[in-house]
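The opening residue of the sequence shown carries number 32 in this note's numbering; numbering runs sequentially from there. Where a beta carbon is used, it is the ideal one built from N, C-alpha and C, also for glycine.
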Amino acid sequence: MSTAMELTLTILIVDDDDIKVGKIKDMINGATLNRTVVAADQISAQNYLLQEKFDLLILDMLLPLRTGEGDPDPGGGQNILEELEIDDDYKQPDAIIALTEYDDLQLNVRESFADIAAIKYDGSSAVWETHLKRVIQRLKKSKAEHKKIVYCEGSNAFHYNLMALSNIEFRGLADSRAVYLSAKNEQDKYAIRDRDFLTHKEISSLQTKYPNYFILNYYCFENYLYHPDNIAEVLAGFDREAYIAELVSQKKAKLMTIVQDYKISRSAYFDLNDDNKAVMDKRPETEIIKALESDDLEVFYRYFDMAGKKDNENKKSFDKTFLATFNLDKTALTKSAWFKGKMLEILNNLR
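Here is the structure:
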């Protein structure tokens, strides 16, 4: 059972009418224990949304750009909503309510932002309070039942969820860029990405900066599925040593092609290029090439692609012809104790 402290909502009220703000705060604090922050203009509101993740944003649509500078702008609230849509640096609130006295502004929100609740404010009526209380109670219930969300790359979510980890849900995003941005901008949630050609130093820097950002120890998700120890657990009588010899042989044959290509791959990593390449290792070859030159499985396997998603002829990745005769079931490989154990090692800060 969740505690009252866990159910506290963090609410940003953006409104320049002190009387209206007072009524909203009275209603909020009467409904449940909450923490409220108030911004009276567009600039202040945007600064708060850049700095902090809020459970709820209550937004007046008629707002000045800055307090004390000019008349309130009928498009002020809409400016904030549009910024939230297009700028990845903002921390998206879990819910947004447009609370306005004006029918035309309420209608405009409903027409332009279908996913945002638009409530008519009337200081002489309690109808708006009823609507707002319902939203708060819904958020409170959702927070109490909320699973820990872990964003991952693409279809990997299906396989991660087969592990059936208690109170954890994996959700797939388009690519590693989207996964990184979710970790950066939604710090109440988590994200896990393939290692690819990231060095130990880069991984350490990224995870120090974003503790909710998990990075695989091996090149990609498939490196865990097709690891010799995982297959040996699932497939009785599997010749682990012969398989390791095949991995080493293929790695040696493809070494030069991998080395020639890895810098091109790294140049596309958004998390390395973000913040003026602050976390980028200036000499990645010291680790990556040295690891690939090793014949120790646990050393080179960190940088050997077992998926080959962008390598149709397997010039730089593992050719699974060797495994074809075993008819390996990806579902069984995902549900193994070895696979689950390795994932829990990576997600240890989450549990």
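Pick from the options: whose alpha carbon is nearest that of residue i?
i, options, result
"ALA145", "TYR152, GLY372, ILE127", "ILE127"
"LYS151", "SER348, LYS285, LEU93, ASP49", "LEU93"
"ILE180", "LYS172, ASP47, ALA214", "ALA214"
"SER75", "HIS190, ALA129, VAL210, ASP46", "ASP46"
"THR98", "LYS347, GLN123, LEU88, ASP49", "ASP49"
"LYS51", "ILE147, ASP153, ASP292", "ASP153"
"LEU212", "LYS122, THR352, GLY372", "LYS122"
"LEU256", "GLY106, GLY372, ASP135", "GLY372"
"LEU112", "LEU375, LEU323, ALA129", "ALA129"
"LEU115", "LEU136, ILE59, ILE147, PRO95", "ILE147"
"ALA263", "GLU316, SER155, ALA363, ASP135", "ALA363"
"MET374", "ASP118, ASN187, ASP135", "ASN187"
"VAL53", "THR39, ILE89, LEU359", "For the sequence presented, residue 53 should be read as Gly rather than Val. For the residues THR39, ILE89, LEU359, the minimum Cα distance to GLY53 belongs to ILE89."
"GLY106", "ILE117, SER325, ASP135", "ASP135"
"ASP206", "ARG165, TYR79, CYS251, TYR241", "CYS251"
Cβ of residue i within 8 Å of Cβ of residue j?
i, j, result
"SER217", "LEU204", "Looking at the sequence shown, residue 217 is not Ser but Glu. Contact flag unset, no."
"LEU193", "ASP225", "no"
"LEU378", "PHE245", "yes"
"ALA70", "LEU43", "yes"
"LEU81", "ASP125", "no"
"LEU170", "ASP86", "yes"
"PRO27", "TYR249", "The structure shown does not extend to residue 27, since the chain spans only 32 to 382, so no value can be given for it."
"THR41", "LYS56", "no"
"THR131", "ASP104", "no"
"ALA381", "VAL310", "The residue asked about is misnamed: residue 381 is Leu in this sequence, not Ala. Not in contact: LEU381 and VAL310 (Cβ atoms no closer than 8 Å)."
"ASN198", "TRP369", "no"
"GLU200", "LYS172", "no"
"PHE353", "GLU277", "yes"
"ASN243", "ALA222", "yes"
"ASP219", "LYS84", "yes"
"GLN281", "PHE331", "no"
Let me know if residue i comes out buried or exposed under the rule of 16 or more other beta-carbons within 10 Å of its beta-carbon.
i, result
"MET287", "exposed"
"GLN77", "buried"
"ALA149", "buried"
"THR34", "With a pLDDT of only 38 at THR34, under the threshold of 50, the placement of this residue in the model should not be trusted; the figure read from the coordinates follows. Per the 10 Å Cβ criterion, exposed."
"GLY108", "buried"
"ASP302", "buried"
"MET36", "In this prediction, MET36 has a pLDDT of 36, which is less than 50 and means its spatial position is unreliable; what the coordinates show is noted afterwards. MET36 is exposed by the Cβ-count criterion."
"GLN73", "buried"
"ASN139", "buried"
"HIS231", "exposed"
"VAL158", "exposed"
"LYS308", "exposed"
"GLU160", "buried"
"MET32", "Here the model assigns MET32 a pLDDT of 36, short of 50, so the residue's position is not dependable, and the following value carries that caveat. MET32 is exposed by the Cβ-count criterion."
"ILE167", "buried"
"THR317", "exposed"
"LYS341", "exposed"
"ARG333", "buried"
"ASN60", "exposed"
"ASN358", "exposed"
"ARG297", "buried"
"THR239", "exposed"
"LYS283", "exposed"
With residue i and residue j assumed to form a contact (beta carbons below 8 Å), what rounded beta-carbon distance in angstroms separates them?
i, j, result
"GLU253", "ALA338", "4 Å"
"TYR9", "ASP227", "The structure shown does not extend to residue 9, since the chain is modelled only from 32 through 382, so no value can be given for it."
"VAL265", "SER367", "5 Å"
"LYS347", "ASP336", "6 Å"
"ILE320", "VAL290", "6 Å"
"GLU233", "ASP305", "12 Å between Cβ atoms; not a contact."
Please check if any C-beta of chain D sits within less than 8 Å of the C-beta of residue i.
i, result
"LYS346", "Absence of chain D from the displayed structure is noted, only one protein chain being present."
Q) What are the complete alpha helix (DSSP H) segments, minimum 4 residues, inside the segment 229–310? A) Annotation note: the segment 229–310 contains the following uninterrupted alpha helix (DSSP H) runs of length 4 or greater, listed N- to C-terminal: 231–240, 252–256, 259–265, 271–297, 301–308.
Q | Ranges of the alpha helix (DSSP H) found wholly within the segment 76–124, counting only runs of at least 4 | A | Within the segment 76–124, the complete alpha helix (DSSP H) runs of at least 4 residues are 107–117.
Q) Which parts of the segment 46–71 are runs of the alpha helix (DSSP H), unbroken and 4 residues or longer, counting only runs that do not cross its ends? A) Entirely contained in the segment 46–71, the alpha helix (DSSP H) runs reaching 4 residues are, in chain order, 49–62.
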